[in-house]
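Numbering (full-length UniProt numbering), first residue to last: 1 to 112.
Here a beta-carbon is modelled for each residue, glycine too, at the ideal position from N, C-alpha and C.
Here's the structure, in structure tokens; my notes come after.
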């Protein structure tokens, strides 16, 4: 699980690793029904951020991120995240692998 450093009452600093991306991918795969729309969003939007600058809150796609953290970073006014590029590329690759299944699951939702 990612390391969360509480800087002060309003600020946290998050350190994520490649293993944290693997955790998120496994959670997404195990909960495909629950995370289908988030998987689609991550796969479709991460490239727009140059892969390594993705903001999980830009598209309401932070549930996997928050599960990895074990806390809700929105409880703080400010947070930053340090993660190797491998974290983001692995996360994108995992979402790419799950994308087809997730897209099929969200298609009926989009038709409604």
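Taking Cβ positions, are residue 11 and residue 78 nearer each other than 8 Å? If you number the chain shown from 1, residue 11 lands on position 11. If you number the chain shown from 1, residue 78 lands on position 78. Closer than 8 Å, so yes.
Should residue 24 be labelled buried (16 or more other beta-carbon atoms within 10 Å of its own) or exposed? As a first step, residue 24 is located in the chain shown; it is residue number 24 there, counting from the start. Buried: at least 16 other Cβ atoms inside 10 Å.
Tell me whether residue 53 sits in a helix, a strand or coil according to DSSP, three-state version. On the chain shown, residue 53 is found 53 positions in, with the first residue counted as 1. Three-state result, residue 53: coil.
Assign residue 40 to one of two classes, buried (16 or more other C-beta atoms within 10 Å of its C-beta) or exposed (fewer than that). As a first step, residue 40 is located in the chain shown; it is residue number 40 there, counting from the start. Buried, because 16 or more other Cβ atoms sit within 10 Å of the Cβ of residue 40.
Can you look up residue 25 in the DSSP assignment and give me helix, strand or coil? On the chain shown, residue 25 is found 25 positions in, with the first residue counted as 1. Correct three-state label for residue 25: helix.
Thinking residue 89 and residue 53 are a contact (beta carbons under 8 Å), I'd like their distance in whole angstroms, please. Here residue 89 refers to the residue found at position 89 of the chain shown. Here residue 53 refers to the residue found at position 53 of the chain shown. No, residue 89 and residue 53 are not in contact; Cβ-Cβ is about 12 Å, not under 8 Å.
Do you know whose CA, among 76, 48, 22 and 9, lies nearest residue 1's CA? In the chain shown, counting from the first residue as 1, residue 1 sits at position 1. The candidate whose alpha carbon is nearest that of residue 1 is 22.
Closest to residue 91 by C-alpha separation, out of 74, 105 and 62, would be which residue? As a working mapping, residue 91 is identified with position 91 in the chain shown. It is 62.
Beta-carbon proximity list for residue 101, same chain, < 7 Å, skipping 5 on both sides: Locating residue 101 in the chain shown gives position 101, counting from the first residue. Counting only Cβ-Cβ distances below 7 Å, and skipping sequence neighbours, we find 32.
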